[in-house]
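Final position of the sequence shown in our numbering is 620; the numbers increase by one with none missing.
Everything below concerns the one structure shown next.
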Amino acid sequence: MTLALFAGRFTRPSRARVANAPLSRVLTGAFLPLALICLSSLAGPSRAQNSRNERAEIGGATDFATNVREFKRPRLTVVISIDQFRADYLRRLTDLFLPPFQTGGRVGGFRYLMSAGSYFTDARYGHFPLYTGPGHAVILTGGYPYKTGIIGNNWFDKTTLQSVYCVDDARWRVVGAASDSHATPMGPRNLRSSTVGDELKLATNGKARIVTISLKDRAAILLGGHSQDVSLWFDTAGGRWISSTAFCKSGQLPAWAEAVNSERLPDKTLGTTWSPSVGAAVLLRAVPSNLSPKVIPTSVDALFSHAVGIDKKSANYAAFTLTPDANAYVFETAKRAIAGEKLGQRDDAPDLLALNLATNDYVGHAYGPYSPEALDLTVHTDHQLADFLNFLQTTLPNGLRDVAIVVTADHGVAPIPENAQALGANAGRIPETAISAAAQDALTAAFGPAPYVGPDATGKTAGKYVEPYLYLNEAAVAQALASRKAASRAQIEEVAARAITALPGVYACYTRSQILANALPPTEITRRVVNGFYPKVAGDVVVVNEQLYIPAYAGPEGTTHGSPYAYDTHVPILIAGPGIRPGVWADPVSPADIAPTLCALLGIELPSACDGVILKAALR
């Protein structure tokens with residue numbers, strides 16, 4: 001590996017640029033003598049043609065129909081989910097990315113995929129809420145939460161009266177954790193659908209290798225599904241990759257993963273500082289003068305500089321995850337996985353590698369989508385992606401010609417509300433306690449005193465708000481019905497919904513009874529609400545905020561995601577590889593379409609919950 005990635009202060013990436021030839025030079029060439037034209041045609045392909053051929057060789061320019069007829073499949077499928085990577089980043093920052101094709105046969109990052117593959121500019125998720133868990137479940141199941149069961153990162157279980165994390169799975173044991181770790185077992189139990197990886201396992205009688213890697217357990221697990229061979233996530237206690245016996249049946253990490261842990265790569269960043277890698281003039285894009293200095297610096301004298309503590313402490317490893325070095329760590333571990341598992345290097349079955357770059361989400365939450373940090377991290381991500389693509393090109397038997405590559409995101413992010421307010425927009429933060437209090441007060445007034453939301457007489461929380469779902473206390477609901485103070489459960493839900501909707505910053509509320517009776521108004525928002533509603537675990541009232549309003553828990557200067565609005569639903573889709581046609585497509589599509597497209601390339605059955613359709617424009 002290149003230790004420079006972990007050597008401390010970042011150096012500024014090169015900014016190679018491609019210039020267009022002057023028009024006069026092009027016109028001069030058009031009037032060459034006919035004899036020279038004939039001689040040049042006899043001499044063989046032109047330099048430009050050779051360049052195009054070389055690029056086609058790199059990109060795997062094969063015909064999808066031929067691949068279907070001859071049963072040719074990608075040796076390796078690589079899916080990269082960049083957490084919280086909004087669609088506008090690719091267009092807004094294109095000029096800062098590496099050129100698509102470079103000297104020596106090397107390729108760039110985003111611009112290579114935009115040139116050699118299919119780039120979908122209008123990809124939007126079709127569910128609500130937009131969180132990491134549901135998004136990653138959609139990407140490789142092709143199904144929305146109403147089928148997959150992953151309705152959020154967390155929800156409330158009315159039977160156990162406990163909060164549930166989307167990848168909680170007590171059937172297993174933690175693998176690879178440090179002695180002082182508080183990690184708990186994780187697994188795919190709550191995922192009701194199969195994934196592309198699961199279907200590939202079934203289609204190859206278990207021969208395909210499925211590997212997932214992310215700093216976040218929920219991203220890795222939900223990308224891979226039930227039958228993956230290796231799933232790794234990061235534990236800040238000790239700064240190590242860990243897993244569970246759901247995937248590491250032997251109770252030990254693979255030897256190559258243990259080797260990565262033993263090298264203590266995150267330790268090399270302790271005591272270092274992340275400073276801008278781009279020039280001050282570039283960062284002026286991220287510090288417009290009409291925003292409040294209290295929110296984002298408004299001069300180049302206030303450029304960011306974030307230090308990571310020098311001690312081997314959990315807090316410092318957590319700080320490491322907010323630096324570009326953490327993404328480099330994920331990519332380096334992916335390289336080791338390819339070597340250790342021989343991914344894409346066997347003839348008996350194709351393999352799948354899925355990565356999540358969680359750092360982009362951590363940075364976006366803390367500093368916002370228009371911050372200098374988000375800009376600089378995106379530039380680093382482009383360079384790291386290019387490095388990884390070139391690793392594939394030089395490591396695998398046929399380079400990138402046998403690799404299907406997808407880059408997308410699990411959700412976007414809202415602007416920092418105070419930034420939006422500074423521009424005159426109606427924006428703000430909503431305290432979650434106000435939602436619970438509004439419901440409790442209204443239900444008490446309508447149906448008499450009872451703990452509808454919050455602790456009951458025994459101190460147990462039997463009703464709770466877990467964004468965006470309000471869960472009502474079943475005992476309190478039963479009491480209201482038995483006393484005939486309430487005519488129906490639907491009435492109780494409606495009273496709570498009306499009270500919450502009256503709060504500033506709330507757009508609307510939809511009740512369980514409305515959803516199950518198909519009684520919602522036919523709007524884009526309600527379609528997303530229905531797509532996100534899995535009856536066994538969803539709440540009694542679904543709360544949708546107004547545009548540019550976010551929960552107050554995000555902090556006084558941070559931001560978050562989750563809404564049904566464009567800034568949260570709109571993400572990029574880049575797909576390249578054998579059978580994929582280069583082009584830029586404005587078709588309205590969804591990340592749910594990624595899974596069926598990959599299944600078509602691999603010649604396998606669709607995942608069980610698949611709602612998506614094949615990205616037909618992408619097929620060559």
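For glycine and all other residues, C-beta sits at the position ideal for the given N, C-alpha and C.
For clarity, every value in this text was computed on a predicted model and none was experimentally measured.
From what residue to what residue does the alpha helix (DSSP H) around residue i run?
| i | result |
| --- | --- |
| Thr433 | Glu432 to Phe447 |
| Gly224 | Asp217 to Gly224 |
| Ala280 | Ala280 to Leu283 |
| Tyr119 | Per DSSP, Tyr119 belongs to no alpha helix (DSSP H); it is in the beta strand (DSSP E), Ser118 to Arg124. |
| Arg240 | Unbroken run through Arg240 is the beta strand (DSSP E), Arg240 to Ser244; no alpha helix (DSSP H). |
| Leu200 | Val196 to Ala203 |
| Gly109 | From DSSP, Gly109 is part of no alpha helix (DSSP H); its letter is neither H nor E. |
| Ile338 | Pro324 to Glu341 |
| Thr501 | Arg489 to Thr501 |
| Ala476 | Glu474 to Ala482 |
| Trp138 | According to the sequence as given, residue 138 is Val; it is not Trp. Counting along the chain, the alpha helix (DSSP H) containing Val138 begins and ends at Thr132 to Thr141. |
| Val68 | Phe64 to Arg69 |
| Ser181 | Element bounds for Ser181: n/a, residue is neither H nor E. |
| Asn316 | Ser314 to Phe320 |
What are the partner residues of residue i, as DSSP defines its beta bridges?
| i | result |
| --- | --- |
| Ser214 | Asn356 |
| Val260 | Answer is none; Val260 lacks a bridge partner. |
| Phe156 | Ser163 |
| Pro623 | Given that the chain is displayed from residue 1 to residue 620, the structure contains no residue 623 and the question cannot be resolved. |
| Trp274 | His306 |
| Gly463 | Gly454 |
| Val174 | Ser244 |
When DSSP labels each residue in this structure, what does residue i get in the three-state scheme?
| i | result |
| --- | --- |
| Cys509 | strand |
| Ile604 | coil |
| Val79 | strand |
| Gly428 | strand |
| Thr298 | Summary for Thr298: the model assigns pLDDT 38, below 50, so the residue's position carries little reliability, and this model does not support an answer. |
| Ile580 | strand |
| Pro596 | helix |
| Asp235 | strand |
| Arg620 | coil |
| His365 | helix |
| Gly454 | strand |
| His380 | helix |
| Asp587 | coil |
| Val537 | coil |
| Leu389 | helix |
| Phe101 | strand |
| Thr560 | coil |
| Pro350 | coil |
| Leu574 | strand |
| Asp568 | helix |
Give every residue of the same chain whose Cβ lies closer than 7 Å to the Cβ of residue i, excluding the five residues on either side of it in the sequence, and list them in chain order.
| i | result |
| --- | --- |
| Pro369 | Arg86, Val413 and Pro415 |
| Thr461 | Leu161, Gly454 and Pro455 |
| Val613 | Asp593 and Pro596 |
| Ala439 | Tyr452, Val453, Leu470, Ala496, Ala499 and Ile500 |
| Val295 | Model confidence at Val295 stands at a pLDDT of 43, short of 50, so the residue's coordinates are unreliable and nothing is read from them. |
| Ser436 | Val453, Gly454 and Tyr465 |
| Ala319 | Val308 and Gly309 |
Let me know if residue i comes out buried or exposed under the rule of 16 or more other beta-carbons within 10 Å of its beta-carbon.
| i | result |
| --- | --- |
| Thr159 | exposed |
| Ala280 | exposed |
| Ser194 | buried |
| Lys147 | buried |
| Gly229 | The sequence as given places Asp at residue 229; Gly does not occur at that position. So Asp229 counts as buried. |
| His411 | buried |
| Ser214 | buried |
| Ala618 | buried |
| Lys621 | Examination of residue 621 is not possible in this model, given that the chain is present from 1 through 620 alone. |
| Phe128 | buried |
| His182 | exposed |
| Asn316 | buried |
| Gly463 | buried |
Given residue i, which residues of its chain have a CB within under 6 Å of its CB, disregarding the five upstream and five downstream residues?
| i | result |
| --- | --- |
| Leu93 | Thr378 |
| Trp155 | Val164, Val466 and Val537 |
| Ile80 | Leu355 and Val407 |
| Ala457 | none |
Looking at the secondary structure, which residues open and close the beta strand (DSSP E) in which residue i lies?
| i | result |
| --- | --- |
| Val613 | Taken as a continuous stretch (DSSP letters only), Val613 belongs to no beta strand (DSSP E), as it is neither H nor E. |
| Asn545 | Val541 to Asn545 |
| Leu90 | First-last for Leu90: Asp88 to Arg92, but that is the alpha helix (DSSP H), not the beta strand (DSSP E). |
| Ala404 | Val403 to Thr408 |
| Tyr469 | Tyr469 to Tyr471 |
Can you name, in chain order, every residue of its own chain whose Cβ lies under 8 Å from the Cβ of residue i, other than the five neighbours on each side?
| i | result |
| --- | --- |
| Thr204 | Asp348, Ala349 and Pro350 |
| Asn390 | Arg106 and Val107 |
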